[in-house]
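In our numbering, the protein residues as written are 1 to 189.
All C-beta atoms in this analysis are idealised placements derived from N, C-alpha and C, irrespective of residue type, glycine included.
Working notes for the structure below.
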Amino acid sequence: MADGTSRRLLLKTVAAIPLAATFGLLASPFLRFLLPTRKPLDVLGQSDQPIAEPPVPSFKDTDFPEPWTCLPFMFKQSYIEYNPEGKEVRQIPGYIVKLPTGDVVAYSRICPHLGCIFNFVKDPAECAKGYNFTPTYPVFACPCHLSVYDIANGGKVVSGPAPRPPRSFEVKKVGEEYQVLTLEAGGIA
């Protein structure tokens with residue numbers, strides 16, 4: 001009985017070796033698909049997520065004299081690339097807004113529908129006339145396909161074909177300054 005059990009175990013092991021080798025060979029292309037910008041066998045290397053390029057945009061309390069003050073800015077973000085510089089730096093347009101609650105929020109100006117650059121519309125009458133939606137307070141509105149975003153509710157889509165809110169920036173208050181640190185991960189669509 002013990003002899004039959006060990007023979008069976010030996011046969012299972014011998015049969016499993018080609019299967020394990022096959023899965024091992026398939027793991028490398030699968031990992032390259034998941035992590036395309038990493039060097040081969042660099043599983044524990046630096047993350048290939050985009051990072052902010054210094055200097056980060058910063059604003060003072062005095063830049064926001066009243067609620068619904070909206071300021072445009074450009075955010076530099078670098079992506080790891082296999083080129084002589086080792087990275088590609090892109091500029092992402094954004095808006096930083098002081099809400100009536102006193103909170104300061106920042107969003108990318110790139111519309112998540114098809115990548116147009118949207119506007120800050122302070123006057124509800126202008127929004128009703130140009131974007132076919134009448135808000136009760138200022139909103140972001142895209143001129144390409146008339147998507148409208150509710151700034152006070154996390155950029156929620158309130159009108160138009162956009163599939164989701166625009167990507168948000170992390171804003172941190174350091175002393176008397178608001179610093180725009182990182183951009184929410186994701187693409188346009």
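Q: Quick one: which unbroken beta strand (DSSP E) runs of 3-plus residues sit fully inside the stretch 110 to 166? Chain order, please.
A: 119 to 121, 139 to 141, 148 to 150 and 156 to 159
**Q.** Identity of the residues DSSP links to Arg90 by a beta bridge
**A.** In the sequence shown, counting from the first residue as 1, residue 90 sits at position 90. According to DSSP, Arg90 bridges with Gln77.
**Q.** Thr101, enclosing beta strand (DSSP E) - first and last residue
**A.** Taking the first residue of the sequence shown as 1, we reach residue 101 at position 101. Element bounds for Thr101: n/a, residue is neither H nor E.
Q: Quick one: residues in its chain with C-beta nearer than 8 Å to the C-beta of Pro166, no 5 flanking neighbours on either side, listed in chain order?
A: For the purposes of this step, residue 166 is taken as the residue at position 166 of the sequence shown. Hits under 8 Å: Tyr107, Ser108, Arg109, Ile110, Cys111, Pro112, Phe118, Phe140, Tyr149 and Gly155.
**Q.** Same chain, Cβ closer than 7 Å to Pro67, neighbours up to 5 away in sequence not counted
**A.** Position 67 of the sequence shown holds residue 67. Within the same chain, Pro67 has close Cβ partners Lys98, Leu99 and Pro100.
Q) What first and last residue would you give for the beta strand (DSSP E) that runs through Tyr82? A) Against the sequence shown, residue 82 aligns to sequence position 82. Here Tyr82 belongs to no beta strand (DSSP E), and DSSP marks it neither H nor E.
Q | Tyr137 versus Asp123: straight-line alpha-carbon distance, rounded | A | Taking the first residue of the sequence shown as 1, we reach residue 137 at position 137. Taking the first residue of the sequence shown as 1, we reach residue 123 at position 123. Answer to the nearest angstrom: the Cα atoms are 7 Å apart.
Q: Find the nearest neighbour of Arg90 within the set Val121, Pro54, Gly102 and Lys172, judged by alpha-carbon distance.
A: Here residue 90 is taken as the residue at index 90 of the sequence shown, counted from 1. Per the Cα distances, Pro54.
(Q) So Cys144 and Cys116 are supposed to be a Cβ contact under 8 Å. How far apart are they, rounded? (A) Looking up residue 144 in the sequence shown gives position 144. Looking up residue 116 in the sequence shown gives position 116. That pair is a contact at about 4 Å.
Q | Buried or exposed by the 16-neighbour rule on C-beta atoms within 10 Å, applied to Pro135 | A | Residue numbering aside, residue 135 sits at position 135 when the sequence shown is read from its first letter. Pro135 comes out buried.
(Q) Our contact map puts Phe75 next to Val180 with C-beta atoms below 8 Å; I'd like the distance itself, whole angstroms only. (A) In the sequence shown, counting from the first residue as 1, residue 75 sits at position 75. In the sequence shown, counting from the first residue as 1, residue 180 sits at position 180. Phe75 to Val180, Cβ: 6 Å. Contact.
Q) Expressed to the nearest angstrom, what Euclidean distance is found between the alpha-carbon atoms of Ile92 and Asp61? A) In the sequence shown, the residue the question calls residue 92 occupies position 92. In the sequence shown, the residue the question calls residue 61 occupies position 61. Their Cα atoms are separated by approximately 23 Å.
(Q) For Thr69, report the span of its beta strand (DSSP E) as first-last. (A) Numbered from its first residue, the sequence shown carries residue 69 at position 69. Thr69 -> no beta strand (DSSP E), and no H or E assigned at all.
(Q) Tell me the rounded alpha-carbon separation between Ala190 and Ala185. (A) Here the chain has residues from 1 to 189 only, and residue 190 is not among them.
Q.
Here's a check: name, in chain order, each residue in its chain whose Cβ is nearer than 7 Å to the Cβ of Phe120, leaving out the five neighbours to either side.
A. If you number the sequence shown from 1, residue 120 lands on position 120. Hits under 7 Å: Cys70, Tyr95, Pro138 and Phe140.
Q) Exposed or buried, which one is Ala162 when buried takes at least 16 other CB atoms within 10 Å? A) The residue you call residue 162 lines up with position 162 of the sequence shown. Ala162 is buried by the Cβ-count criterion.
Q | Three-state secondary structure (DSSP) of Val14 | A | Within the sequence shown, numbered from 1, the residue matching residue 14 stands at position 14. Of the three classes helix, strand and coil, the one that applies to Val14 here is helix, per DSSP.
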